[in-house]
Structure formats: C-alpha cells, structure tokens
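Student: Residue numbers for the sequence shown follow full-length UniProt numbering, beginning at 1 and rising by one. Note that the Cβ used here is the ideal one computed from N, Cα and C, for glycine as well.
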Amino acid sequence: MPYLSVSGATIYFDSKGSGPHLLLIHAGIADSRMWDYEFHSLSQQFQVTRFDLPGFGQSSFTGGAFSYTMIINELLDHLKIKQTYIFAASFGGRIALDFVTENPERCLCLALESSAIDEWNFSEALQQYDEKEEQLLTAKSFDQVAELNYRTWILRDRRPEAIAPQIKERIREMQMTALTKPEPARPIKEMSPTQPLSARLDQLKLPVLIMIGDLDVADFQDISTFLYQKISHAKKVGIPNVAHLANLEAPELVASLVIDFFLSEAVPNH
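(1) In this structure, does DSSP put Lys235 in helix, strand or coil?
(2) Which two residues bound the contiguous beta strand (DSSP E) that contains Lys189?
(3) For Asn73, I'd like the list of residues in its chain whose CB is within less than 7 angstroms of its CB, leaving aside the five on either flank, ordered along the chain.
(4) Please state if the CB of Met34 and the CB of Leu248 are separated by a distance shorter than 8 angstroms.
(5) So, with DSSP's three-state summary, where would you put His40?
(6) Identify every run of the alpha helix (DSSP H) within the stretch 62 to 103, keeping only runs that are complete inside it and at least 4 residues long; order them along the chain.
(7) The alpha helix (DSSP H) that contains Lys132, what's its start and end?
(8) Does DSSP put Phe226 in a helix, a strand or coil?
(9) For Thr49, write down the residues that DSSP places opposite it in a beta bridge.
(10) So, with DSSP's three-state summary, where would you put Asn269?
(11) How long is the line joining the alpha carbons of Gly213 and Ile239, rounded to whole angstroms?
Here it is, written out as structure tokens:
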C-alpha cells in the first residue's frame, strides 16, 4: 500500500486511471473509502487519487506543526502533478477551499459537496450536536458517537429503511477507524491561513461546482448559498432526496454532474 511521509503526518493514498488528474478529499465523518464508487468510475476519464487525511483511515499524525494545504502540495509533488481537478466533501471542502485560494495555479476546477467553511456561526442545533458528540467522546462511547453522526448527517428525519444498510455500515466502519486511533505521540498544531476565507474567496477565479443535498442540515444549506454568492464563477446544484454526503446516496447522479462540470468549465491555467 502506498504511504507518504509529509509534514506532521504519514498519509495513505491510492491512484488509478490516466488522463487529467483528479484529487478526492473526504468528509470528516468518513475516510477515502467514501470514494469507492468515484475512485473506479471516474478513473475511466481521469487519473484519480484519493487519500486519508491524517487521523482518518490509514493515515496518522506524527506530531508537530502541519497544514492541510502543505500536505496536499507534498502529495501532488510526490505524484509529479502540476495541476489537478479537486472533488471534496464537507470538512474536505473546507480543506480544498483553503488549498485553492492559497494555490490557485495548481487547481483547474473545484467540485464541492456539502462543503464546510471556517468562520461560520453555527446554529443552536449544531452547537448542541457538538456538545453531545464531545460528551460521548469524553466517555469513549465510540459506538454512540458513530450512531449520532449517522443520524445527524445521513439519516436526518427519514425512516431507517430509507437508507441502504450498506451506507450505514460504511459510515460506521469509517467512524470507528478514526475514533479508535491512538493519539499522536507528540502534540499537533494546525497552521491556518493568515487571511480570512471571505477575503480569499473574493479573489477566487476558478470554476466551482457547489452541490448540496436537499435534506442536508440547514447550516450547510446556508453555507452553500454563501459560497455561491461569494465565488465569481460558481454553479450551485441541489441534489434531491439526499442528505450530507450525496455521493453515497446518489453516486451516479453526482459523478455525472462532476464530470460534466469539469469537462465543460475547466481551462488549464498557464
């Protein structure tokens, strides 16, 4: 299995296919396994790379200062990739936005699914979710954390049978992998961008596809609208009958939207 030592971490990654490069960045309740469908289907037209963020899947923090932007740059350098398309979900979207606003020359085009961002005043409902999750983490009730995240982000207000059982099982497996990881041997410190995101978004000229599940949390609906209004070259698409991770519930639709957008919008930067 391919691993790479980067600043503050050792990361697992996997690549497949040929053609223009596409980097997949997973959500915070998942790992690179959330991209199983996309990794294979999109590799028919792209050289696809997926990786586990440090602390998720098969990647680990080694301690010290790190930045996700630096990690992505080091991964692309290792792969000898100058420019890439990026498809990112949720927390991965936050990371992708930091990366492309700091390194616009390395990204051809960006697709976001239920993207998170910094500097957002979350609703009381999400603050209560955060408090509940923190209580369960402190108690090391990891099964309950996984269940809370599944209900909050995926099931929403639907009946349990509305979701394919393999989706719940995959979310649980990815959650438990992250939740049961040992703590880094040394403390870690994330190095954040110096300029606030809102100011950086004003300068972003890349084509950006903003996808949001119609059943997603209200905060993320609002974030998608904010991004659409702030980014000069953006397209926003609502995905019907899905929640936070649309690609797990509607993989063919999401993949087709991403491919169509990339192929119609992206022009290489020189």
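Tutor: Taking the definition as stated:
(1) Lys235 falls in the strand class under three-state DSSP.
(2) It spans Ile188 to Glu190 - the beta strand (DSSP E) in which Lys189 sits, taken as one unbroken run.
(3) Taking C-beta separations shorter than 7 angstroms and ignoring five residues to either side along the sequence, the partners of Asn73 in its chain run Asn103, following chain order.
(4) In this structure, Met34 lies closer than 8 angstroms to Leu248 by Cβ.
(5) Here His40 sits in helix by DSSP.
(6) Counting only runs of 4 or more, we get 68 to 78 and 91 to 102.
(7) Unbroken alpha helix (DSSP H) run through Lys132: Glu124 to Thr138.
(8) Note: Phe226 maps to helix in three-state DSSP.
(9) Ser15 and Leu23.
(10) Low per-residue confidence applies at Asn269: pLDDT is 46, beneath 50, and the placement is therefore not dependable, though the value from the model is reported in the following sentence. Three-state DSSP puts Asn269 in coil, outside helix and strand.
(11) Rounded to the nearest angstrom, the two C-alpha atoms are 5 angstroms apart.
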